[in-house]
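Trainee:
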Amino acid sequence: MADCCGPAFSIRLGAHRTLVISSWELVKECFTTNDRVFATRPRSLAVKLMGYDHAMLGFAPYGTYWRDMRKLVVVELLSNHRLELLRPVQEMEINLFLRDLYELWVKNGHCPVQVEMKERIGDLTMSIGVRTIAGKRYRSTEASDEELRRGQKALADFFQLVGQFMYSDSIPSLGWLDVINGKMKKTAKELDWVLGNWVNEHRHRCKRDAAKIDKAGRDFMDVLLSSLDETILPAHEIDTTIKATCLSLISGANDTTVVTLIWAISLLLNNRVALKKVQDELELHVGRSRQVDESDIPNLVYLNAVVKETLRLYPAAPLSAPREAMEDCTIGGFHVPAGTCLLVNMFMTTHESLDVKGRDFEYIPFGSGRRMCPGVSFALQVLHLALARLLHGFELGTLLDLKRLGGCQPMTAESTNGNKGFSLHKLENLEGAHQGLIDIHDRTAFLNWPQ
Numbered sequence: 001m002a003d004c005c006g007p008a009f010s011i012r013l014g015a016h017r018t019l020v021i022s023s024w025e026l027v028k029e030c031f032t033t034n035d036r037v038f039a040t041r042p043r044s045l046a047v048k049l050m051g052y053d054h055a056m057l058g059f060a061p062y063g064t065y066w067r068d069m070r071k072l073v074v075v076e077l078l079s080n081h082r083l084e085l086l087r088p089v090q091e092m093e094i095n096l097f098l099r100d101l102y103e104l105w106v107k108n109g110h111c112p113v114q115v116e117m118k119e120r121i122g123d124l125t126m127s128i129g130v131r132t133i134a135g136k137r138y139r140s141t142e143a144s145d146e147e148l149r150r151g152q153k154a155l156a157d158f159f160q161l162v163g164q165f166m167y168s169d170s171i172p173s174l175g176w177l178d179v180i181n182g183k184m185k186k187t188a189k190e191l192d193w194v195l196g197n198w199v200n201e202h203r204h205r206c207k208r209d210a211a212k213i214d215k216a217g218r219d220f221m222d223v224l225l226s227s228l229d230e231t232i233l234p235a236h237e238i239d240t241t242i243k244a245t246c247l248s249l250i251s252g253a254n255d256t257t258v259v260t261l262i263w264a265i266s267l268l269l270n271n272r273v274a275l276k277k278v279q280d281e282l283e284l285h286v287g288r289s290r291q292v293d294e295s296d297i298p299n300l301v302y303l304n305a306v307v308k309e310t311l312r313l314y315p316a317a318p319l320s321a322p323r324e325a326m327e328d329c330t331i332g333g334f335h336v337p338a339g340t341c342l343l344v345n346m347f348m349t350t351h352e353s354l355d356v357k358g359r360d361f362e363y364i365p366f367g368s369g370r371r372m373c374p375g376v377s378f379a380l381q382v383l384h385l386a387l388a389r390l391l392h393g394f395e396l397g398t399l400l401d402l403k404r405l406g407g408c409q410p411m412t413a414e415s416t417n418g419n420k421g422f423s424l425h426k427l428e429n430l431e432g433a434h435q436g437l438i439d440i441h442d443r444t445a446f447l448n449w450p451q
């Protein structure tokens, strides 16, 4: 519609006026001059039912609660100092992910093996998020206890349902047509059960082992408990705030990271020249005797370019998360009344830039302004390290490559774009062949896997 209607146009989504921006100049005006005006989120039935009545940080309305919780999250979880303390968690989970791939290759007689990557990358990012926030392991291959299985299903249902169209949000009088309210309430009940168990476990552990838990070893739920228990909030409100904040961080850390990693691998498999350049760069700066370390990432210029180009071509969210005007304002010379919903067309604004942190408005994959994603550094850290170690440790290919070597149905990494929830997923799963580079290059020192 942007090609026909111009860089800014207003449409009606049911009963609500919506402003769609497709020009970086107007995006800059929205997120600088009028940033405070568009600092809140519109309400939705899905978030009300499953997100503790909009207590989740990413969906909370602008105000004192949102400012205080964002400050706590940024200082205690996403600061540079805290990310440095969390780096061993990321490295261990990435190594476990690679070890599983390596063991599949070994079981297949050191021959290329077919792997469905989307589920495995999803487990990786979820494991990093859940372990960072709650100190819990999250791996589908180890889904043996009830809490883990129920948590996995509830989180998967949450990601699927939170972006679904609801009549109640657009045309309130037709809310009776919404048929998935029951599923949302069931998912909310399951999430609350899992998160409630985590809160109770942490509270009991803090009381029992308070002297043994040092500040550096605390996960984010420990920090929330110690910070919020000192407030005058009632106990049930403290628990609700903790559960809502943890759910917001886990969901934010998972879905978009999975989408970006899947697209990066797919694009490289369809551009073998670029894939070879990344591998040559890894060979030059890292070599064959060790793994890629976090300190290597700044030297991997081409790998950084691959991540940036992936975010430009396929931003995790094709449309930005909606914002709402809190008061009348002017955008591009046009009057925008209070209550107008703002959507940014990310595809039309991602043209040329090198800065992904929201200062160049042609290129804002993580948003910009007050409601910019606070976990930019965390996400980029995981993206770069996971992609670098995967490409360094394994020779990747498509199923067409596997067929040439030994007889599987051909399939390339190309697929039509698919939208599921808020994120830009691939309609087809990314299935590919991989073989370990370790034995080919005799890199025995490379395999220092955690147990």
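Using UniProt numbering, the letters of the sequence shown map in sequence onto residues 1 to 451.
Every residue, glycine too, gets a C-beta built ideally from N, C-alpha and C.
(1) Would you report the Cα separation of C111 and T350, rounded to the nearest angstrom?
(2) Should the region 327-339 be called in touch with the region 46-56, which here means at least 3 C-beta pairs below 8 angstroms?
(3) So what does DSSP say about G397, is it helix, strand or coil?
(4) Is I238 closer than 7 angstroms to L228 when the C-beta atoms are compared?
(5) Could you tell me whether the region 365-378 touches the region 15-32, where touching means 3 or more Cβ pairs closer than 8 angstroms?
(6) Per the DSSP calculation, S10 is bridged to which residue(s)?
(7) List the endpoints of the continuous alpha helix (DSSP H) containing T125.
(8) Can you name the start and end residues of the beta strand (DSSP E) that V344 belongs to?
(9) Report yes if the C-beta distance between G375 and G58 is below 7 angstroms; otherwise report no.
(10) Using DSSP with H/G/I as helix, E/B as strand and the rest coil, what is E77?
(11) With DSSP collapsed to three states, give me the class of C329.
(12) Buried or exposed, going by whether 16 or more other CB atoms sit within 10 Å of the CB of I11?
(13) Under a Cβ-count criterion, where at least 16 other Cβ atoms within 10 Å of its own Cβ denotes burial, should L354 be classed as buried or exposed?
(14) Cβ atoms of A8 and L26: under 7 angstroms apart, would you say?
(15) Buried or exposed: which applies to A264, given that a residue is buried once 16 or more other Cβ atoms fall within 10 Å of its Cβ?
(16) What residues match up with T40 in a beta bridge as DSSP calls it?
(17) For S127, collect the residues of the same chain with a Cβ closer than 7 angstroms to its Cβ; drop the 5 residues on either side in sequence, then sort them by chain order.
(18) In angstroms with no decimal places, state the Cα-to-Cα distance between L267 and E309.
(19) For L249, I'd like the list of residues in its chain whose CB is within less than 6 angstroms of its CB, leaving aside the five on either flank, ordered along the chain.
(20) Does the beta-carbon distance from G14 to S170 come in below 7 angstroms?
(21) For V336, which residues does DSSP report across the bridge?
(22) Mapping DSSP to helix, strand and coil, what is L300?
(23) On the three-state DSSP scale, how would you describe L57?
(24) Exposed or buried, C5, counting other C-beta atoms within 10 Å across all chains shown (16 or more means buried)?
(25) With a cut-off of 8 angstroms on the beta carbons, I'd call A388 and L300 a contact; round off their distance for me.
(26) With Q279 as the anchor, note down where its alpha helix (DSSP H) starts and where it stops.
(27) Measuring CA to CA, which of E395, D100 and I121 is closest to D255?
(28) Is L319 near L19, with beta carbons less than 7 angstroms apart?
(29) Per DSSP, which residues does L319 bridge with? Please list them.
(30) Under the assumption that W198 contacts M166 (Cβ atoms under 8 angstroms), give the Cβ distance between them as a whole number of angstroms.
(31) Counting Cβ pairs closer than 8 angstroms, one from the region 280-299 and one from the region 148-159, do we hit at least three?
(32) Nearest-angstrom Cα distance between A413 and T330?
(33) Mind checking whether T240 and M69 have CB atoms under 7 angstroms apart?
(34) Should F334 go down as buried or exposed, given a rule of 16 or more other Cβ atoms within 10 Å for buried?
(35) Can you list, in chain order, the residues of its chain with a C-beta nearer than 6 angstroms to that of R131? Leave out the 5 residues immediately preceding and following it.
(36) Per DSSP, what kind of secondary structure is Y138 in: helix, strand or coil?
Mentor: Taking the geometry as given:
(1) When the Cα atoms are used, C111 and T350 turn out to be separated by approximately 40 angstroms.
(2) Cβ pair count under 8 angstroms is below three, so no.
(3) In the structure shown, G397 sits in a strand (DSSP, three-state: E or B).
(4) Yes, Cβ-Cβ distance for L228 and I238 is below 7 angstroms.
(5) A contact exists between the region 365-378 and the region 15-32.
(6) S10 pairs with L19.
(7) From DSSP, the alpha helix (DSSP H) with T125 extends over M117 to A134.
(8) Bounds of the beta strand (DSSP E) holding V344 are C341 to V344.
(9) Their beta carbons are not under 7 angstroms apart, which means G375 does not touch G58 by this criterion.
(10) Looking at the sequence provided, one finds Leu at residue 77 rather than Glu. DSSP places L77 in coil when its eight states are reduced to three.
(11) Note: C329 maps to strand in three-state DSSP.
(12) In this structure I11 is exposed. Its beta-carbon is surrounded by fewer than 16 other beta-carbon atoms within 10 angstroms.
(13) Here the model assigns L354 a pLDDT of 46, short of 50, so the residue's position is not dependable and the matter cannot be decided.
(14) In this structure, A8 lies closer than 7 angstroms to L26 by Cβ.
(15) Buried, because 16 or more other Cβ atoms sit within 10 Å of the Cβ of A264.
(16) E324, per the DSSP bridge assignment.
(17) Within the same chain, S127 has close Cβ partners E93, R137, Y138 and R139.
(18) Distance between the alpha carbons of L267 and E309: 10 angstroms.
(19) Contacts found: I133.
(20) Here G14 is near S170, since their CB atoms are less than 7 angstroms apart.
(21) Bridge partners of V336: C329.
(22) Looking at L300 - three-state DSSP - the assignment turns out to be coil, as it is neither helix nor strand.
(23) Three-state result, L57: coil.
(24) C5 counts as exposed, since fewer than 16 other beta carbons sit within 10 angstroms of its beta carbon.
(25) For A388 against L300, the beta-carbon gap comes to about 6 angstroms, under 8 angstroms, which counts as contact.
(26) Per DSSP, Q279 belongs to the alpha helix (DSSP H) from R272 to H285.
(27) Nearest of E395, D100 and I121 to D255, Cα basis: I121.
(28) In this structure, L19 does not lie closer than 7 angstroms to L319 by Cβ.
(29) Paired residues: N345.
(30) Taking 8 angstroms as the upper bound for CB-CB distance, W198 and M166 are not in contact here, some 28 angstroms apart.
(31) Touching, no, given that fewer than three Cβ pairs across the two stretches are closer than 8 angstroms.
(32) A caution first: A413 carries a pLDDT of 39, below 50, which makes its placement in the model too unreliable to give a value.
(33) In this structure, the beta-carbon distance from T240 to M69 does not fall below 7 angstroms.
(34) F334 is exposed by the Cβ-count criterion.
(35) Excluding residues within five positions, the ones whose Cβ falls inside 6 angstroms are V89.
(36) In the three-state reduction of the DSSP assignment, Y138 falls in the coil class.
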